[in-house]
Structure formats: structure tokens, C-alpha cells
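Engineer:
Residue numbers (our numbering), protein chains in the order written: chain A, 467 to 780; chain B, 23 to 487.
(1) For residue 727 of chain A, which residues in chain B fall below 7 angstroms Cβ to Cβ?
(2) May I ask which residues mark the beginning and end of the alpha helix (DSSP H) holding residue 230 of chain B?
(3) Alpha carbon to alpha carbon, how far is residue 513 of chain A from residue 497 of chain A? Give it in angstroms, no decimals.
(4) Ignore the nearest five residues each way along the sequence and tell me which others in residue 484 of chain B's own chain have a CB closer than 6 angstroms to its CB.
(5) For residue 380 of chain B, which residues does DSSP report across the bridge?
(6) Within its chain, find whatever has a CB closer than 6 angstroms to the CB of residue 224 of chain B; leave out the 5 residues flanking it on each side and keep chain order.
(7) When you compare only the Cα positions, how much space is there between residue 541 of chain A and residue 527 of chain A?
(8) Run through chain D and tell me which residues come within less than 9 angstroms of residue 641 of chain A, C-beta to C-beta.
(9) My guess is that residue 577 of chain A and residue 661 of chain A are in contact by the Cβ rule of under 8 angstroms, so how many angstroms apart are they, rounded?
(10) Using a threshold of 7 angstroms, state whether the C-beta atoms of residue 409 of chain B and residue 208 of chain B are closer than that.
(11) Taking a contact to mean a Cβ-Cβ separation below 7 angstroms, would you say residue 448 of chain B touches residue 479 of chain B in this structure?
(12) Compare the C-beta of residue 456 of chain B with all C-beta atoms of chain A and state if any pair is closer than 7 angstroms.
(13) Taking 8 angstroms as the threshold, find out whether the stretch 624-638 of chain A comes into contact with the stretch 581-600 of chain A through three or more Cβ pairs.
(14) Determine the burial state of residue 626 of chain A: buried for a count of at least 16 other Cβ atoms within 10 Å of its Cβ, exposed for fewer.
(15) Report back the beta-carbon spacing between residue 369 of chain B and residue 463 of chain B to the nearest angstrom; my notes put them in contact at under 8 angstroms.
(16) Determine the closest residue to residue 112 of chain B out of B:247, B:403, B:140, with distance taken between C-alpha atoms.
(17) So for residue 291 of chain B, helix, strand or coil by DSSP?
(18) Please list, in chain order, all residues of the same chain as residue 73 of chain B whose beta carbon is under 7 angstroms from its beta carbon, the five residues on each side excluded.
(19) The beta strand (DSSP E) that contains residue 126 of chain B, what's its start and end?
(20) So, at 8 angstroms on beta carbons, what are the nonlocal neighbours of residue 418 of chain B in its own chain, with the 5 sequence-adjacent residues on each side left out?
(21) Starting from residue 365 of chain B, follow its DSSP beta bridges and name the residues at the other end.
(22) Mind checking whether residue 694 of chain A and residue 774 of chain A have CB atoms under 7 angstroms apart?
(23) Based on Cα-Cα distance, which residue from B:298, B:444, B:340 lies nearest to residue 193 of chain B?
(24) When you compare the CB positions of residue 476 of chain B and residue 297 of chain B, do they come within less than 7 angstroms of one another, or not?
(25) If you measure between the beta carbons of residue 610 of chain A and residue 268 of chain B, is that distance less than 7 angstroms?
(26) Assuming residue 140 of chain B and residue 147 of chain B make a contact with CB atoms under 8 angstroms, what is their CB distance in whole Å?
(27) Is residue 343 of chain B helix, strand or coil by DSSP?
(28) Report the rounded CA-to-CA distance for residue 601 of chain A versus residue 467 of chain B, giving the unit in angstroms.
(29) Alpha carbon to alpha carbon, how far is residue 189 of chain B from residue 356 of chain B? Give it in angstroms, no decimals.
(30) Express the C-alpha separation of residue 350 of chain B and residue 367 of chain B in angstroms, rounding to a whole number.
(31) With a threshold of 16 other CB atoms inside 10 Å of the CB of residue 666 of chain A, please say whether the residue is buried or exposed.
(32) Quick check on residue 550 of chain A: buried or exposed, where buried means 16 or more other Cβ atoms within 10 Å of its Cβ?
(33) Against chain A, does residue 331 of chain B count as a neighbour if the rule is that its beta carbon must be under 7 angstroms from one of theirs?
(34) Tell me which residue opens and which closes the alpha helix (DSSP H) that residue 820 of chain A is part of.
Here it is as C-alpha cells:
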């Protein structure tokens, strides 16, 4: 039990588990017990994550190809340099950045709005909530296949509905102009519930006293929102944004089902590009190098988010 | 200090989760269960345990050895009609030999990865696999397939019964037989016969172009005709339906334009000619047809979308697999039965394509696997499959009167096949398909000119050599 009586530890988004005092004051015996309890997880982590990570790190300096046994020739930093030189890798970085920024921002705005609405006393709130989280429960592959049918330019219901409204039909996935926007829309449709869920959990756990005080002081609804709700929600918001950003950066399923990176390279994201490198080209060396380059982008990002999140909480 | 360390550690784990996402995600695009799966052909992961499987005893009849442990073979196949026809036949093999057969049928997109992991490991879950034509060189060079020559000799199996282009494509590599051709999916032109009876279209076409309104014999005229039909019929009937999805659909389709325009991947000296003037012209025609004749959205169409448009009667022509004719002639799947025919590509040269049966180099039960191959490719069994709608690879089945009575178009298919060309047998064929898919799609979307797109392909091909 932590010194604060575990209060902080009960809140979603609490990064407090990093505090040393969790085991602080424990005797050596309990430390040994803790290690014993954790040992199986640690071994699994080491085998499933650290091992492949180490292998791919080493492979990123070799001309490793799945067709040939072993790691191939040592090529130094060539795989890294060539990745940066590749216009397709750079293009996929651009697409990924654009996609990530747009989906995270839009999902946050829509998700927060829905969470705020559902946090009020509304009749049938639980029913709304259950319906809203359904997309999140569907596998991304099923989501992609369903939307692919709905968006069929000639036989899909989306263009049919637009036609009834007198709007022109569009080639949603077949035109470089609309394809990325369509993928972003499908992602938002599926991932907004996640934002709603995380933000709702935060809203529900907010203390009521400050609101009562604000009400007595005559604060307007906007003032209450900007001066109370938003600052108190900030740790939750940051965690939600952080997790969603990381998930958005590795989006693969939707691209695979909806567009395969096309038309042209208009929807080719980094994860899909790396996957092709590894499993079509079988070029494990450069796929590993690209993965580490991606990690170099994500690491500082997640570190910054965590720092921000911790500072706000403390 | 410690909290900083933990924050850093957590950041690292976040990033690690990302890496895990990038590395080995394997997505099976919701492969539907094989509809005709018989009991023995479950779609579940086979749980083959090599140690538990005794070596087959070729000379002995299983029935004569009641004490012997039952044998089992696992087969990895694709979810396609030909697999369904095999599934329907398996019970007979099991009854005849006592060997249990378990078929795992998965979506094409997952097959290469799945095979790769199996073939790279010391032991394999599968005794028999099916190999697509453009994996052949890759698998043969890596020695992932068991040479079949000794089995063929011992069983006196005659490989001369196969159509030569099929044996060349999914049979032997550099004189060693690694596969038995399973089924063909050569492409050609499927078209609506009733279009040419439309008097209004006919008179205007003949007046405008000064030639008879029949299926043209060259790609230029064909694209012109497709654009004409789309112009006249608009939303209700496009001149052509196309499939521009990366990488396979667009590549497979364009290669028919490519070969029919007189282009090829290499010249007689082995130099890359994929960006020759003929090739560039073929891509210009393809892009023109896609953007000006095919329905809006065709650059994003895969197999299903294109098929549905044609089956709904919304397109006049369709470059596709010859076996598609059976489906389009079936009233349960199509609104245009009796109004479709299969023909040469205008220009005359189609892309040949097919699958071969192979035994992995690390198969647990090779003898039983060969018994299955020997049986499944025997005349009677292969003919039964063809009669059910499968695509033959044996010349004697193509010539069979019963089959021709049921599917008269096989006469044309055989003729087209004799002149068809295959994708070059390269170790990097899979990679080349990916590059072609990307560059063709770039040309279709207007991001690159046809010349620039094919120059990139040529450059990448030279790196492979």
C-alpha cells in the first residue's frame, strides 16, 4: 500500500506505480517474494520482447534476408541511411504523421464532447454508452471489410444514400484525393469510443467539491469547464492522447483491408511499409532499421507525454 | 531519480508495443470457412506431430496392416473454388488409403507469410502445400520443396499429360520437378455477348470508327471501344470493369495489356525491357481505360468489387481468370448468365497463371504426401474436379469430350493457354509484384507518368539481377 493510502493508485491514468515507496519499507523477504511473483512475467517478457528486439537491433546492421540463413553481411549504418534515402519510406512517414495528427485531434474532440454529454444526467445514458462503444469491440479487419462494402462506389450504401440526398457519388477508396480522408473517417468511427471510455472514466472520478464551490461563487458553465473540468482532466486527457497517438502511429489493419497503401502511395503508412519490407521483400535488415527509426520517434514522444502527465498529477 | 528511470522505462515499453505491432502482425482478411469442408477438412490449425507419425511403408497396403498407427497428412490451401472441389473428393482418398487428410484453407493474402514461417523452420506442420506460380523460383532456389522426380519415377506417373506451359510454370524448375500442376487461373477477356447485338451502339460505333462492332483484335481499339460504351451507356453499363488495388489485382490485370501490346520483361540478351516503348504504351492504355472507361472507384477495386460490378450487369468486359466464366454463367451468383463468353485478350497474349502441388522439404510424412499427390492428380480424380467446375491443367482432360460438352469454352482456353506468357521466374518475384503494384497504382492515380513509373520498375529489377 502506498503512503497516500492508495488513493492516487485507484485513478485511471495514474502513473504512480513508478514510485519506489510502493515497496518502500518492505523487508528483504517481501522483495524476494515480489521478484518471485514477477519472475514468470519477466521471463515471458524477456523471451517474447527483449529477445526479438535484440535480434532485430543486431539485424538492422546486417544485410539480413529471410531467404538466406543467418544475418548476412555486416553493412554498418547502410540500412538506416538507405531508409532515409528511400522516397517511399519518407512518403510513408509523411502519411503517418498526417494521419496520426488528424485522427488523434478529431477523435479527442468528438470523444470528449460525447463523454461530457454522457456525464450529465441523461435518461437512457447506459444504453447510449453501450451503443457508442460497439465499434471499439469489433476487430479492425471486420470494420475494414464492412466499410469496404459500404463504400463500394457503385454498389455501396454510402453513395446510394448520397444519391438520395442529391449529392454526387464519390470513389471513396479508389481516388488518391479521398482515400486517406476515408481511412481517417473509418478510424475515427472505430476509435472515438476508446476516447469516450477513457475520458468518461476520468470525468466520473472527478471530485464534486470544487464544482459545488464554483457553483456557490457563481461561475458560468464555460468558466467551470475551462477552469475546473479541463485542468482536472488533464492527466486523463494526456494519457488518452498518448495511447491513441502510439496506436495511430502503428495503424496497419485498416490500411491492409481498405487500400493496401494505394491508390499510388497515398495511404501507405509506416507500419504497412515496414511489413512489406519484412514479409514481401524478406529484407529483415532494412525492415529492422526502419522499425528502430520509428522507435526513435516514438520514444521521446511517449517520454514527454509521461513527464507531462506526471507533473500535472503531482 | 528513480521515478525518472521508471518513466523512461515505461516510455520504452510503449515504444516496444509499437515495434511488436510493426513486426509480425499477420492479418487474415476474414477468410471465410471453406463452404464444402467435409468433416476431415477442418479449417483449424493442424496439430501435426511429426514424431507421432510413423514413416509410411510404400509397398504395404494400409488395410493389410491393421496394427499400424493411422497416418495423417496436413495440407495448406487457399480459399478458392478449386480447394472446395478437392475437399469434396478427400473422403474417397481416405477410404482408399486409410490416410487421414486435414486441409487448412486460408485467405491468399496470408499464405506466403504462413508458408514462409513453416518452410524456414526445422519441421513443418504441412505435408502438402500449394504453390502459386510466382513463388516457384523463390521456393526452388531456397530448396524448400522436395524434388519429386524419384517419386514420379517409382510411381510411373506421367507428367507429359500436362499442358506444357503449365508444367513449365508450376512443374519443373531447371530440369527438376518440384510440383504437379494443380489448377490454372490463366487470365483472358470475359465479355458480354449481348452488347454486340445492341443495334444503337452498333450503328453509332460503326459510323464513328469505321469498323465492324466486334471484339477488337488489338489493345488500342479495345480501349477505344470500352470508352465508347461507357460514353454511351454511362452509369448503367461501363465498357470495362477493372481492379486497381495494389499489389496483385492491378499487376495481374495490367500484365495482359503488357503482353498483348508486344512487351516483355526481358529481351533475348536478358536485359530488362519492362520500360520499353511498347510497355509504356500498354500502361498508357491501361491508365486511359481505368480513368475513362471503368466505373469510378475502380482504382481501389479488388477481386470482389470488380466481380460484383460485372455480375450485377454493370460492365461490358472484364480482364479476369478463365474460371470466372463458370461463376458468371451461374444464375445464383450472377445476373448475366448466358450472356457471357471468354475470349483472347485483344492483342492475343494472356498472362498464364496457376498453382502447383508440392511437398515441403521438411514435411513430416513425405511418402503419404506423395500418395495423395499421385491420387489427386490421377486422370479420374482430376477429371471429376474439372467436371465440378475446377480448372484443368492436364491436356487429356482439356480434350475430354465430357468436359467439352459441359464447358465448350475450354477449347478457347486451351488455345489461349498455348500462347500465353508467364510471369518471369525470379527469386524476387513476390517483391517485383509489390513494386509493380505500387508503380502501376502511381501511374493510375496520376502521381507519375507511365514512363516514370516503369523506369522505376526497371531500375528496381536491375538491382535484383
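The beta carbon of each residue, even a glycine, is placed where N, CA and C say it ideally should be.
Structural biologist: With the given structure in hand:
(1) 268
(2) 221-231
(3) 23 angstroms
(4) 294
(5) B:151, B:201
(6) 235
(7) 6 angstroms
(8) Absence of chain D from the displayed structure is noted, the protein chains being A and B.
(9) 3 angstroms
(10) no
(11) no
(12) yes
(13) no
(14) exposed
(15) No, residue 369 of chain B and residue 463 of chain B are not in contact; Cβ-Cβ is about 23 angstroms, not under 8 angstroms.
(16) B:403
(17) coil
(18) Low confidence applies here, because residue 73 of chain B scores a pLDDT of 38, under 50, leaving its location unreliable and the question unanswered by this model.
(19) 122-128
(20) 183, 401
(21) B:211
(22) no
(23) B:444
(24) yes
(25) no
(26) 6 angstroms
(27) strand
(28) 31 angstroms
(29) 33 angstroms
(30) 18 angstroms
(31) buried
(32) exposed
(33) yes
(34) Summary: the structure shown does not reach residue 820 of chain A, with chain A confined to residues 467 through 780, and so no result is reported for it.
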